[in-house]
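Reading through the C-alpha cells given below for one structure.
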Amino acid sequence: MRNLLLTSLVIIFVSLASCGNGGDGRSGASSGSSSDSKSSSGSGSSASSNSAQTPVTITLGSGTTSSSLAKNFSAMSASIPSNITTITIKVSASDMTTIDQSVSVAGQSSVTTTLYVPNGSNRYFEVLALDSSSAVKYKGYTTSDLSGASVTLSISMKVSYTMTDYYPLDNTDRWQYYRTRTTSVGTDTGYEMDLVSGSETVNGITGKKLYLDIASGTGEYTVDSNGSTGFYRHKEHNLNTDSSGNNYYTDNVYSPPILFSLPYITESEQFSGTFTRTSTVESTGSSSTSTVTGNGQMQGLDNVTVSAGTFECLKFYYTFNNSDGSYGNLTWWYAKGVGIVKKTENRYLSGGSLDGSKTYALNYASINGTTYGTRVSDNSSASVNILYNSQDGTYKLQFTVNSDYISHISSASVSGRNVTNLGLHYQSYGSRLYYSARQSFGSTSPTAGDVYTFTINHNDGTSETLRDTVYALGVGVPTLVSPANNSTVTATPTFTWSAPATGCVSRYFIDVTDSSGQTVWGYLTPDATTTGITFNQDGTALYSLFTGGTYNWAVGANDDCNNQHNGTDNAAFSSKYSFTVR
C-alpha cells in the first residue's frame, strides 16, 4: 500500500479592526481559487476504508506561516478572534461524500484538528467562523487536488454576509418599485408592487410565491427559496402573448433550481451552474426543455440612494446564457433587512441585438412590519354627479372612481343618503376605464350638499377612503334636431342639436344605442361650441350600423362650464329619438 503523507492546512485570520458590528467591513485579498457549485449530499467521514486518503491537519489560529504567505497580507493575527466560538470545516467534491466538521474554539487562541480526505481533484475546502449566536462572521475557501503528496493550503478569512438577512421572503412582505421598461415598441414607466403571498412546492422543495406587479392583475409570480443552502429560483409563472394577440400562461420549472446566491457570501466570490428549464403551456399541457447556464458574483458593497432611502447594499452581477443563443445580464443590489432596492436587467437575442431592458428603483417597502419610503397611491379620484333624464323626468346619482392605474383597483363601493355599500363595477367605454354605479332617486332631485363616501380596495391589500359632495344641477336639456324621431338615415348619419335654454354648458355627450339599450357609440365633445357630429368620426364605435337596424340617440348637456367643481359634471339628457338605417 502506498504511503499517505500529511497535508497541513493553515487558516490565517486577517486583522479586521475596521469592520464594526462584527461583519460590515472587508478583509484583505483572498488567495486560492473560487468554486462554482458548493452544494453536495451527505456528511460525516470521507470515503470507504479501502479508498486512498490524505490526512489533512488543520491549524486554526497560531498555525505555522511561511514567509511567502506573509507577503500577501498587510496584517495578520496569530490567534482566533475573541468573538468567534465555533469553526466549521466542509470538504466536498462531486466524487466524494461531503465531510462536515465543527470545532469549538471559544476562549482558545488556536486549535488543531485532522480530517481524512479522499484523494482526488478539485477538493473544495470551506471554513466558516461563527459567533456565540451561530451567526457566520467570516468565511474562507479554496480548492486543491489531493494525491497523498504534501501541499500547503492557505485560506483568507473574509467578512461573510448571510443572504437570508438580505433577501427576506415572509408572507405579506412587499416592495413598490418605479420601473422603466424598454422594448422594441418603445419605453414605458410606472410603479410596480411585488408581494410575497403563500408557498408552492416544486420538485420536492417548498418555496415562497412572489407575485409580480400585483396591481396589473396578470397573476404572474415566481417561486423562490432562501435558506441554509442559498437563494434559489424554482419556477416562473409567466403571461405570454402569441402572434395573434392571444394571452396564455407558461410555467418555467428549473432543475436544479437557479442559484442566485450562496447562503454565506464574501466580496468578489463567484458561483455558477447549469439548469434545465422545462416550459409548460398551462392551457394545453405541451412542454419543451432548454438549458440555461448561469454565472454570478457578489461584486462588493455599494451605497445606493433611491426614493425609499439610502442603503448599504451587496451588489450582485449575473449572466445567463440560453441554449437557443439568447442571453441576458442582471445587476441587483440587496440591502440588509429590506431586499432588492435596485435592479437593472437586459435581454439579448441570439444575434446580439437588445431584446428589452428594465430598471427598478425601490420607492416603498413593507418588510415584516417595518416600512421604508412612502407608498405612491394610484391617484384615485371619486366623484358623484346628478343625471337628469327628460324622457321620463327622473333623476339618478352616478358614482365614479378613476385612477391613473385603474387595474390596480380590486373593488370599490359607496355609501351616503339613500345609498348603503353600493358596489361599483369595472367599466370600459372606448379608451376610458373606470368603476361606476348609479342609484335612482325617481322624480325627486338629489340634495345638493350631501356627502358620499367611497371605499376603494387595491390589489396589493391596501384600501383608501375618498369623499365627494353633490352640487346642484346647473344646466337645462338640449333639444334634438336631426335625425328626426322615427326617421330613416344612412349608415353614417350626422347628429345635430341645439343648446339648452338655461344654464351654462361645458360639453355635450352623445349616446347612440341599439334596440337592446347597449351603447354602440358614445362621444364627449371637446367643448360647448360643438352641436353637430357624424357617427363614429373618432373611430371608437363598437360596430358599424347595420342596414335595417333600428337605433336610438340622445344628447346630454354637462354643466360646470366654469370648472367650479371637481370630478364628473352633472348632466341633463334629452329625450331619445329613434332612427332606422336604410
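Last residue of the sequence shown: number 592 in my numbering, and the count goes up by one each step with no gaps.
The beta carbon of each residue, even a glycine, is placed where N, CA and C say it ideally should be.
- In the DSSP assignment, the residues bridged to V314 are F321.
- DSSP places I90 in the coil class of the three-state scheme, outside both helix and strand.
- Apart from the 5 residues on each side of it in sequence, T540 sits with its Cβ closer than 7 Å to the Cβ of Y518 in its chain, given in chain order.
- Per DSSP, the continuous alpha helix (DSSP H) segment holding Y176 begins and ends at 173-176.
- Going by DSSP, G532 is part of the beta strand (DSSP E) stretching over 529-534.
- With fewer than 16 neighbouring CB atoms inside 10 Å of its own CB, A482 falls in the exposed class.
- In the displayed model, S421 falls within a strand according to three-state DSSP.
- Residues G484, V485, G486, D569 of the same chain have their beta carbon placed closer than 7 Å to that of G513, with the five preceding and five following residues left out of the count.
- At a cut-off of 4 residues, not a single continuous stretch assigned as alpha helix (DSSP H) sits fully inside the segment 200-262.
- The secondary-structure analysis by DSSP pairs F135 across a beta bridge with V101, T152.
- DSSP places K406 in the uninterrupted beta strand (DSSP E) bounded by 404-412.
- Here A501 is exposed. Its C-beta has fewer than 16 other C-beta atoms within 10 Å.
- With a cutoff of 8 Å on beta-carbon distance, A62 and N132 are scored as not near each other.
- For P65, the uninterrupted beta strand (DSSP E) segment begins and ends at 63-70.
- Across the structure, W531 and D548 are spaced so that their CA atoms are roughly 10 Å apart.
- Taking a C-beta distance under 8 Å as the contact criterion, T96 and L156 do not qualify as a contact pair.
- Cβ atoms of S164 and S119 stay farther apart than 8 Å, at about 19 Å.
- With a contact defined as Cβ atoms closer than 8 Å, T122 and I68 qualify at about 7 Å.
- Under the DSSP assignment, G559 falls outside any beta strand (DSSP E); it carries neither an H nor an E label.
- Counting along the chain, D521 sits inside the beta strand (DSSP E) bounded by residues 517-523.
- Contact check for Y188 and N373: beta-carbon distance about 5 Å, within the 8 Å limit, so the pair qualifies.
- Around the beta-carbon of D183, 16 or more other beta-carbon atoms lie within 10 Å, marking it buried.
- With a 10 Å radius around the Cβ and a threshold of 16 neighbouring Cβ atoms, A581 comes out buried.
- In the three-state DSSP reduction, T290 falls in the strand class (E or B).
- At the C-beta level, H244 and S235 come within 8 Å of one another.
- For T303, the CB contacts under 6 Å within the same chain, skipping 5 residues up- and downstream, are T284, N331 in chain order.
- In the DSSP assignment, H575 falls outside any beta strand (DSSP E) and carries neither an H nor an E.
- Between V522 and W563 a beta carbon distance of about 5 Å is seen, short of the 8 Å cut, so the two are scored as contacting.
- Counted as a single uninterrupted DSSP element, the beta strand (DSSP E) harbouring P128 occupies residues 121-128.
- Judged by DSSP secondary structure, T489 falls within the beta strand (DSSP E) whose first and last residues are 489-492.
- Residue burial is scored here from C-beta neighbours: V394 has at least 16 other C-beta atoms within 10 angstroms and is therefore classed as buried.
- Bridge pairing for T369: T190, T354 [DSSP].
- Under a 10 Å Cβ-count criterion, Y553 is classified as exposed, with fewer than 16 other Cβ atoms of the shown protein chains found around its own Cβ.
- When secondary structure is reduced to three states using DSSP, A458 falls in the coil class, being assigned neither helix nor strand.
- Counting the other CB atoms within 10 Å of its CB gives N399 a total of 16 or more, which places it among the buried residues.
- The C-alpha of T290 lies about 15 Å from the C-alpha of T232.
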